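Asks: Structure provided below as structure tokens; questions to follow.
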DNA sequence: GACTAAACGAGACGGTACGTCATGTCTTGGG
DNA sequence: CCCAAGACATGACGTACCGTCTCGTTTAGTC
């Protein structure tokens, strides 16, 4: 998002990639270690060895910075699997997601998800960069599944998705940990019964 | 929580119920209108016509105050239904909960749930006063259902509960609205198939 | 001053002399140990084991309380000497005063004298109870001396008094110590030359 | 004192002289109008149109600020005269000082002198910036006078100085006004008799 | 090689809110 | 009617960050 504005300048000193990296790294570290609320721009600037100006020049807000830092650390690490069946694809994707959320990046994402409730801009940024792509993929995969007869009759994609992903995210709201792989498998089994034509655990 | 300390003092000027009410009301209003992050003690004190001291005398932190204010406005409004079947009980309870969350009190709770991610004390307070009682009831009801053969074989209560409640809460994380009653019914139907022995929608 | 109001009550619980003493003692201790600015009513009440109400009932202000406490501890300790000559009387009185000011009571008085600059009421109270009686005596003694020809010609009593007492008090303004007896004697000798007919040191 | 630190910084936004002046002026006004005790940093900040941070950045305490404000308003206004004789020099200097103390700056100084009794840091600051330079000059001038035979025999400079300046400052302790020029002349005449070889009024 | 122009670090700026402290007043129950 | 206890509204304290601003200093590219 921030990079978009770098499009066409021709003259003047070019943006320092060193600073950019240092800022994103420092932001990510603070996010993981102290959470979103305690993410102080001044602390980031000091840790990154830059001036606050440089941060504000390239990121409009703490929210954008945090989201950018998260993706800087996470980028392209989450694929969208293709196992052959919708049930297998979702299971694989959700288990992979659970694993990621349980790690360092999970703490960062959780911190931001919390902040998002009180920071509309963060909510927007997160929705756009994280949630939406996943939702897109989910919808398409689920629609394809429906078309190919993999779903039980009368199952709406939206409903199915909320059942598959809700139990994974919800614990983050209460300060809880992301469920372990075994727990994820357990609820996926239960959910699959209602969703997939071949729902047998 | 704050009231606990009022137990048995005999001497000195008694606590002003007027101030207590004004503070809780002002807190709730700010919570609903501006969210938890923007809930400034100074603003609450001014709105309530009290001093900050009086707030800090009775509530140890913003977190406790917010939670107390929420319950002051919500108190005893949520019963735990008894329809005759576990499936009916959970359906009724969850629909009632969804209705509450969609209203003003829902905005307050959502604001706090967001704050909880970045404020361990708020997470603790919320867990203790909101989540835990509900979890208690849920566990007991689910265990009873299991004992009475209302669950499908091999269904763990914990798993079932996460499947029933997760899709309800999760949208709050992304700044989304609580699902409408129809959407709640839809996912409950799907979830019930995997959980309850008589899961037919 | 405060006691004046105790004149004629007849009914109700009588004033507690225990509290009165405890309050005055605690006030004096605080005055000596921490100074006038740091003389907190709340600390005095706690140290005296009384309520703040009791203090405010009997003393209108911190200033009155402090002055009262000072005289409670000092009372009637300063006589007005009569050596036979004006020069001898003043010398004796000033040396006695210097000795007092160098002790514990001096620290209390010094603390109040400082506070007086910023607390008109304290200035008034101090002036009335401390300064004025001394000035009275000084004027009278000096006038008598003049009448009896003990002063050099054209010496105004007011001028003479300021010369005798000024060098004693002035150091208090700058946080300094009251001059030692030898220093006092030295300046008195010098001053006497200009003031008294028999001014020879 | 605050300025000392401004010595050699090269980087960053330079200190705002506008703010500095506004703060010192506002401080001086409050000092004159309300005294040292009532000199609230917040009020100064508001009156000066600055943030409190800016004050605390440049002055370590209320005491330093007050002293600085006083000198900002007074600076270099007090010379050390040279009339030819020690007696003349001191007379001139003391009369000039009395005139200053009777004005607005005198009220400010008096307020601070009072505060100094209860604020060791203020006492230190005042001593260092006001009292000490004057004492220095006094000592040197008096020592020279002694060397040049202008003093009566056996007159110690320290004693002489306390006799000359004490009567000027002492009234400030009791909330009184600085003596008028005529009163100052009167006591100087008396004091001179004991001090100076040519002490004849 | 000088010139132009933007990014850079540093850090001061006016603010807002923090949680604490003491003020002087009030409101109880008990002596 | 006094007393202790202590809650009350008020207002200043000194601190931490906010997001903006103003410096002098790089660091390119173009003339």
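Protein chains in written order, with my numbering: chain A, 714 to 914; chain B, 714 to 914; chain C, 714 to 914; chain D, 714 to 914.
C-beta: ideal position from N, C-alpha, C; glycine also.
Quantities reported herein were computed from a predicted structural model and do not represent experimental measurements.
Do residue 701(D) and residue 737(D) have their C-beta atoms closer together than 8 Å?
Replies: This structure cannot settle anything about residue 701(D), because the visible part of chain D is limited to 714 through 914.
Asks: Ignore the nearest five residues each way along the sequence and tell me which others in residue 720(C)'s own chain have a CB closer than 7 Å to its CB.
Replies: Below a pLDDT of 50, predicted positions are generally treated as unreliable, and residue 720(C), at 43, falls in that range; no measurement from the model is reported.
Asks: Between residue 908(A) and chain B, is any beta-carbon pair separated by less than 8 Å?
Replies: Yes, its Cβ sits closer than 8 Å to a Cβ of chain B.
Asks: Considering only DSSP beta bridges, list what residue 864(C) is partnered with.
Replies: 909(C)
Asks: Say whether chain D places a C-beta atom closer than 8 Å to the C-beta of residue 794(C).
Replies: no
Asks: Compare the C-beta of residue 868(B) with all C-beta atoms of chain A and state if any pair is closer than 8 Å.
Replies: yes
Asks: Can you list the residues of chain A that residue 823(B) reaches, using a CB-CB cut of under 8 Å?
Replies: 830
Asks: Starting from the C-beta of residue 787(A), find all residues in its chain whose C-beta is less than 7 Å away, skip the five residues before and the five after it, and write them out in chain order.
Replies: 818
Asks: Assuming residue 823(C) contacts residue 885(C) (C-beta within less than 8 Å), just tell me the rounded distance between them.
Replies: 5 Å
Asks: Taking beta-carbon pairs under 8 Å, can you tell me which members of the stretch 751-778 of chain C lie near chain D?
Replies: Taking 8 Å as the Cβ-Cβ cut-off against chain D, the residues of the stretch 751-778 of chain C that qualify are 751.
Asks: Measure the Cβ-Cβ separation of residue 829(D) and residue 821(D) and say whether it is below 8 Å.
Replies: no
Asks: Taking DSSP as the reference, what is the three-state secondary structure of residue 831(A)?
Replies: DSSP places residue 831(A) in the coil class of the three-state scheme, outside both helix and strand.
Asks: Name the chain C residues whose beta carbon is nearer than 9 Å to that of residue 741(D)?
Replies: In chain order: nothing, as chain C lies at least about 16 Å away.
Asks: Going by beta-carbon coordinates alone, are residue 811(D) and residue 897(D) separated by less than 8 Å?
Replies: yes
Asks: With DSSP as the reference, label residue 750(D) as helix, strand or coil.
Replies: coil
Asks: Pull up the distance between the alpha-carbon of residue 806(D) and that of residue 847(C), whole angstroms please.
Replies: Each residue's alpha carbon lies about 30 Å from the other.
Asks: Compile a chain-ordered list of the residues in the stretch 830-854 of chain B whose CB is closer than 8 Å to at least one CB of chain A.
Replies: Residues 830, 831, 832, 833, 836, 837, 839, 840 and 844.
Asks: Please report the straight-line C-alpha distance between residue 804(C) and residue 883(D), rounded to a whole angstrom.
Replies: 18 Å
Asks: DSSP state of residue 796(B), grouped into three classes?
Replies: coil
Asks: Given this structure, state the Cα-to-Cα distance separating residue 729(D) from residue 762(D), to the nearest angstrom.
Replies: The alpha-carbon atoms of residue 729(D) and residue 762(D) are separated by roughly 12 Å.
Asks: Identify the continuous alpha helix (DSSP H) that holds residue 728(C) and give its terminal residues.
Replies: Segment: none, residue 728(C) is in no alpha helix (DSSP H) and carries neither H nor E.
Asks: Would you say residue 833(D) and residue 888(C) are within 8 Å of each other, going by their C-beta atoms?
Replies: yes
Asks: Between residue 827(D) and chain C, is there a C-beta pair that is closer than 8 Å?
Replies: yes
Asks: Which bits of chain D does residue 885(C) rub up against, with CB to CB less than 8 Å?
Replies: 830 and 886
Asks: For the alpha helix (DSSP H) holding residue 874(B), just list the boundary residues, first then last.
Replies: 870-886
Asks: Using a Cβ cut-off of 8 Å (strictly closer), state whether residue 724(B) contacts chain A.
Replies: no
Asks: Mind checking whether residue 880(D) and residue 879(C) have CB atoms under 8 Å apart?
Replies: yes
Asks: Return helix, strand or coil for residue 893(A), following the three-state DSSP convention.
Replies: coil
Asks: If we define contact as Cβ-Cβ less than 8 Å, is residue 879(C) a contact residue for chain D?
Replies: yes
Asks: Near residue 663(D), what residues of its chain come up, given a Cβ to Cβ distance below 8 Å and the 5 sequence neighbours on each side ignored?
Replies: No statement about residue 663(D) is possible, as the shown extent of chain D runs from 714 to 914 and does not include it.
Asks: For residue 798(B), I'd like the list of residues in its chain whose CB is within less than 7 Å of its CB, leaving aside the five on either flank, ordered along the chain.
Replies: 863
Asks: Residue 815(A) to residue 849(A), Cα distance in whole Å?
Replies: 23 Å
Asks: Hey, is residue 748(A)'s beta-carbon within less than 8 Å of any beta-carbon in chain B?
Replies: With 8 Å as the cut-off, residue 748(A) counts as an interface residue toward chain B.
Asks: What three-state label does DSSP hand residue 772(A) in the structure shown?
Replies: Here residue 772(A) sits in coil by DSSP.
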